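S.K.:
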Ligand SMILES: Cc1cc2nc3c(=O)[nH]c(=O)nc-3n(C[C@H](O)[C@H](O)[C@H](O)COP(=O)(O)OP(=O)(O)OC[C@H]3O[C@@H](n4cnc5c(N)ncnc54)[C@H](O)[C@@H]3O)c2cc1C
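In this note's numbering, the protein residues as written are 16 to 328.
And the structure:
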């Protein structure tokens, strides 16, 4: 099923975002966990690309396996980092050969220590160029990234929204947002997008907090804010992983429930999940979503739970 179809069915759509494991042992763990994750019946899954230091080959390996062995809808993330137009074309050919029908098209981040993204010679500078390239070849549904609290490099909202509109005009079918921890940021963002003439579905991305240090690192990189009440609760239990985990799950569940109650058609995209305890928590979220068949609000948003592996506590 190609984007934007999963969001136009009138039913809640659930999607999980997987971060490919870095080690062979973690890959074996994922093999064991994947069927359990798929038993939750996500509408589709997406697999990140080179994010958080993961290897790129594993993205295709895992996405292809989900498509081939389980016959599920899957989207392969793809960035402009370190690749020429021809290399991107070759990767797209490989992806298409596996039967994968969707790409999450991204620019990627500058390498650690650099503040500015520099494309390789013959590569793409902005995600909009990658989107245009994918669209010109045809064959894929395309999602792009949106930023409820503005992209860190953008000087102002107007500029950032103009660039998001460029991506949509270049051929993106849906927007998936960066993580946020206050739903009002998402609602305001959708309002801004609609005013700016961006009318495609905007899928909110929620990332469960893993640890206090992890979330501080991520939010300092991407500019997202942790609400002060949540921050102080986390700080109070920072050395007790089980309590941090519990808070993280509760906060995500509240965010998702609120979005659902707002009448959103739902897509939940989450993380690779390491322990059964975590899986049960997410089952709770997806049950919550399946009870929501209300008409969409704010266009056609869904709820996306995205994030890295939840640690064992
Ligand atoms: C849902 C989601 C999934 C992600 N998955 C991955 C992943 O798998 N792998 C990974 O490495 N990273 C991933 N990222 C992170 C992403 O690569 C970074 O956020 C990156 O900094 C920006 O990517 P982008 O696609 O939004 O870039 P762009 O849309 O190119 O925007 C980046 C910056 O450039 C500006 N800009 C855009 N066009 C122009 C223009 N024409 N002129 C001047 N400025 C312009 C924008 O305003 C913005 O400030 C993901 C992010 C999200 C939200």
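Just so you know, even glycine gets a beta-carbon here, dropped at the ideal spot from N, CA and C.
The model shown is predicted, which means the values in this text are computed figures rather than measured ones.
Taking residue 103 as the reference, give the member of 185, 145 and 150 with the closest Cα.
M.R.: The residue you call residue 103 lines up with position 88 of the chain shown. If we check each option's Cα against that of residue 103, 145 comes out closest.
S.K.: Would residue 201 and residue 195 be called neighbours here (beta carbons separated by less than 8 Å)?
M.R.: Position 186 of the chain shown, counting from 1, holds the residue named residue 201. Position 180 of the chain shown, counting from 1, holds the residue named residue 195. Cβ atoms of residue 201 and residue 195: closer than 8 Å.
S.K.: When every heavy atom of ligand 1 is checked, does at least one fall within less than 7 Å of the C-beta of residue 207?
M.R.: For the purposes of this step, residue 207 is taken as the residue at position 192 of the chain shown. Checking the Cβ of residue 207 against ligand 1 gives no.
S.K.: Along the chain, which unbroken stretches of the beta strand (DSSP E) at least 3 residues long are found entirely within the segment 79-148?
M.R.: Those beta strand (DSSP E) runs which fall completely within the segment 79-148 and span 3+ residues are 89-94 and 117-121.
S.K.: Which of the three DSSP states is assigned to residue 77 in this structure?
M.R.: Here the question's residue 77 lines up with position 62 in the chain shown. Helix.
S.K.: Are residue 176 and residue 211 closer than 8 Å when you measure CB to CB?
M.R.: Counted from its first residue, the chain shown places residue 176 at position 161. Counted from its first residue, the chain shown places residue 211 at position 196. The answer is yes: Cβ separation under 8 Å.
S.K.: Smallest Cα separation from residue 224: which of 218, 233, 216 and 217?
M.R.: Taking the chain shown and counting its residues from 1, the one referred to as residue 224 is at position 209. Of the candidates 218, 233, 216 and 217, the one whose C-alpha sits nearest the C-alpha of residue 224 is 233.
S.K.: So residue 123 and residue 99 are in contact, right, with Cβ under 8 Å, and what is the actual spacing, rounded?
M.R.: Here residue 123 refers to the residue found at position 108 of the chain shown. Here residue 99 refers to the residue found at position 84 of the chain shown. Incorrect: roughly 14 Å between the Cβ atoms, too far for contact.
S.K.: Reducing DSSP to helix, strand and coil, say where residue 264 ends up.
M.R.: Taking the first residue of the chain shown as position 1, residue 264 is located at position 249. Note: residue 264 maps to helix in three-state DSSP.
S.K.: Determine the DSSP secondary structure at residue 301, reduced to helix, strand or coil.
M.R.: Position 286 of the chain shown holds residue 301. Any reading at residue 301 must be qualified, since the residue scores a pLDDT of 29, below 50, and its modelled position is unreliable; the value itself is stated next. In this structure, residue 301 counts as helix in the three-state DSSP scheme.
S.K.: For my contact list, residue 220 and residue 17 are in at a C-beta cut-off of 8 Å; report their separation, rounded to the angstrom.
M.R.: As a first step, residue 220 must be located in the chain shown, where it is residue number 205. As a first step, residue 17 must be located in the chain shown, where it is residue number 2. With 8 Å as the limit, residue 220 and residue 17 do not qualify as a contact, their Cβ atoms being about 20 Å apart.
S.K.: Assuming residue 230 contacts residue 217 under a Cβ cut-off of 8 Å, what Cβ separation, rounded to an integer in Å, is found between them?
M.R.: In the chain shown, the residue the question calls residue 230 occupies position 215. In the chain shown, the residue the question calls residue 217 occupies position 202. With 8 Å as the limit, residue 230 and residue 217 do not qualify as a contact, their Cβ atoms being about 23 Å apart.
S.K.: Within 8 Å, do at least three Cβ pairs link the segment 180-190 to the segment 251-271?
M.R.: Short answer: they don't touch.
S.K.: With 16 other CB atoms within 10 Å as the buried threshold, where does residue 33 fall?
M.R.: The count along the chain shown starts at 1 and reaches residue 33 at position 18. Label assigned to residue 33: buried.
S.K.: Expressed to the nearest angstrom, what Euclidean distance is found between the alpha-carbon atoms of residue 227 and residue 249?
M.R.: Looking up residue 227 in the chain shown gives position 212. Looking up residue 249 in the chain shown gives position 234. Approximately 7 Å between the Cα atoms of the pair.
S.K.: For residue 96, which of 236, 140, 77 and 266 has the nearest alpha-carbon?
M.R.: Start at 1 with the first residue of the chain shown, and residue 96 comes out as number 81. Comparing Cα-Cα distances from residue 96 to each of 236, 140, 77 and 266, the minimum goes to 140.
S.K.: Where does residue 56 sit, in a helix, a strand or coil, going by DSSP?
M.R.: As a working note, residue 56 is residue 41 in the chain shown. It is coil, neither helix nor strand.
S.K.: With a cut-off of 8 Å on the beta carbons, I'd call residue 135 and residue 161 a contact; round off their distance for me.
M.R.: Position 120 of the chain shown, counted from the first residue, corresponds to residue 135. Position 146 of the chain shown, counted from the first residue, corresponds to residue 161. Going by Cβ atoms, the distance from residue 135 to residue 161 rounds to 25 Å, so no, they are not a contact pair.
S.K.: Please state whether the Cβ-Cβ distance between residue 82 and residue 113 is less than 8 Å.
M.R.: In the chain shown, the residue the question calls residue 82 occupies position 67. In the chain shown, the residue the question calls residue 113 occupies position 98. Yes; because the gap between Cβ atoms is below 8 Å, this pair is in contact.
S.K.: Cβ of residue 135 within 7 Å of any heavy atom in ligand 1?
M.R.: For this step, residue 135 is matched to residue 120 along the chain shown. No, Cβ of residue 135 sits at least 7 Å from all heavy atoms of ligand 1.
S.K.: For residue 206, does the three-state DSSP call read helix, strand or coil?
M.R.: Against the chain shown, residue 206 aligns to sequence position 191. It is helical.
S.K.: How far does the beta strand (DSSP E) with residue 189 in it extend, from its first residue to its last?
M.R.: Looking up residue 189 in the chain shown gives position 174. Segment 189-194, the beta strand (DSSP E) holding residue 189.
S.K.: If you check the beta carbons only, do residue 163 and residue 192 fall under 8 Å apart?
M.R.: Along the chain shown, one-based indexing puts residue 163 at 148. Along the chain shown, one-based indexing puts residue 192 at 177. The answer is yes: Cβ separation under 8 Å.
S.K.: Between the Cα of residue 165 and the Cα atoms of 154, 273 and 237, which residue gives the shortest distance?
M.R.: The residue given as residue 165 occupies position 150 in the chain shown. Residue 237 is the option with its Cα nearest to residue 165.
S.K.: For residue 196, verify whether its CB is less than 7 Å away from any heavy atom of ligand 1.
M.R.: For the purposes of this step, residue 196 is identified with residue 181 of the chain shown, where counting begins at 1. No, Cβ of residue 196 sits at least 7 Å from all heavy atoms of ligand 1.
S.K.: Are the beta-carbon atoms belonging to residue 270 and residue 198 less than 8 Å from one another?
M.R.: Indexing the chain shown from 1 puts residue 270 at position 255. Indexing the chain shown from 1 puts residue 198 at position 183. The answer is yes: Cβ separation under 8 Å.
S.K.: If you compare alpha carbons, which of 109, 31 and 126 is closest to residue 75?
M.R.: The residue you call residue 75 lines up with position 60 of the chain shown. Considering only alpha carbons, the answer is 109.
S.K.: Give me the Cα-Cα distance between residue 43 and residue 167, rounded to the nearest whole angstrom.
M.R.: The count along the chain shown starts at 1 and reaches residue 43 at position 28. The count along the chain shown starts at 1 and reaches residue 167 at position 152. Their backbone Cα atoms lie some 36 Å apart in a straight line.
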